[in-house]
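As structure tokens, the structure follows; a few thoughts come after it.
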Amino acid sequence: KRYSKLTQINIENVDELELKWKYETGRGGQPMISWYFNPLVIRDKMYIPDPGVFSQDEMGVIAINAKNGSELWKRTVKLSTVKDAQYLTRANRGITYGKNRIYLSTYDARIWSINATTGELDTEFKDNASSPGGYITTADGDAGYYLSQAPIYIPKGLIKGDGPAKNHNVLIIGSSGGEHQVRGHISAFDADNGELLWRFYTVPKPTDYGGDTWPTRKSGIFKDPYTRGGGAVWVTPAFDSKNGLVIFGTG
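Residue numbers (our numbering): 640 to 890.
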């Protein structure tokens, strides 16, 4: 839902709002850093993503007491691949909550799972058995993929049908990087352990439905053009729980 049904603030009293507290991130007015998100409020706590410093390989999440503005915890994570020199800016479009976890997407194409109460990393959320945990890698950052959107969290009770996502709490997220000639996609991951459940590519390969609408090259610099077709899903998708549909745009 993109709106609120709350009625305490309305056209009759909105002019009576006044500042109660202010939280300073300490980042100041940085060039090349974009704060595109709304704070995420869960009961008496407020969570905000921290895009970090443009030239440094760190991002994070800050938890704040929503009643008085005091900082509860701050979790900083280290990026594995920094491409700010190529991207020219670093943006973050929000974070997601589900089952007492905060999910943060970062510019190295990873999603982090953070305990909403303590700020500790969830080590059961990982790429594979040998991974230290706390994150999953959604795509190859060195190939030009990155994440700037918030994933959406879908509890298993809303998942319809008998597909690969059945009986899983799910995270849905797309990929940024169309400007770097990547092949756009949107994916579903198990929100508890990070397992990839399904992936949909926005640009079809020759044997996919619609693949015959793309040119075919077997050699040369334009070989396999579908692999560089763009179509990135860089804005958080919408979920239609009634019909079990994920709806998204590309660009």
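Just so you know, even glycine gets a beta-carbon here, dropped at the ideal spot from N, CA and C.
As the structure is a computational prediction, the values presented were derived from the model and not from experiment.
query, result
"Residue from Gly708, Pro854, Gly665 whose Cα sits closest to the Cα of Pro690", "Gly665"
"Three CB pairs or more closer than 8 Å across the region 767-785 and the region 810-821", "yes"
"Assigned secondary structure, Arg666 (DSSP; H/G/I helix, E/B strand, else coil)", "coil"
"Straight-line Cα distance separating Ala755 from Ala773", "Checking the sequence shown, residue 773 turns out to be Gly, not Ala. The alpha-carbon atoms of Gly773 and Ala755 are separated by roughly 13 Å."
"Own chain, CB closer than 8 Å to Asn677, minus 5 neighbours either side, in chain order", "Gly733"
"Tyr704 - containing beta strand (DSSP E), residue span", "Rather than Tyr, the amino acid found at residue 704 in this sequence is Asn. Taken as a continuous stretch (DSSP letters only), the beta strand (DSSP E) holding Asn704 covers 697-704."
"The region 841-853 touching the region 752-767, judged by at least three CB pairs closer than 8 Å", "no"
"His807 - containing beta strand (DSSP E), residue span", "His807 -> no beta strand (DSSP E), and no H or E assigned at all."
"Host beta strand (DSSP E) of Gly737 (start-end)", "735-737"
"Pairwise C-alpha distance: Ala778 and Arg856", "25 Å"
"Residue of Thr735, Ile703, Asp696 minimising C-alpha distance to Ser719", "Asp696"
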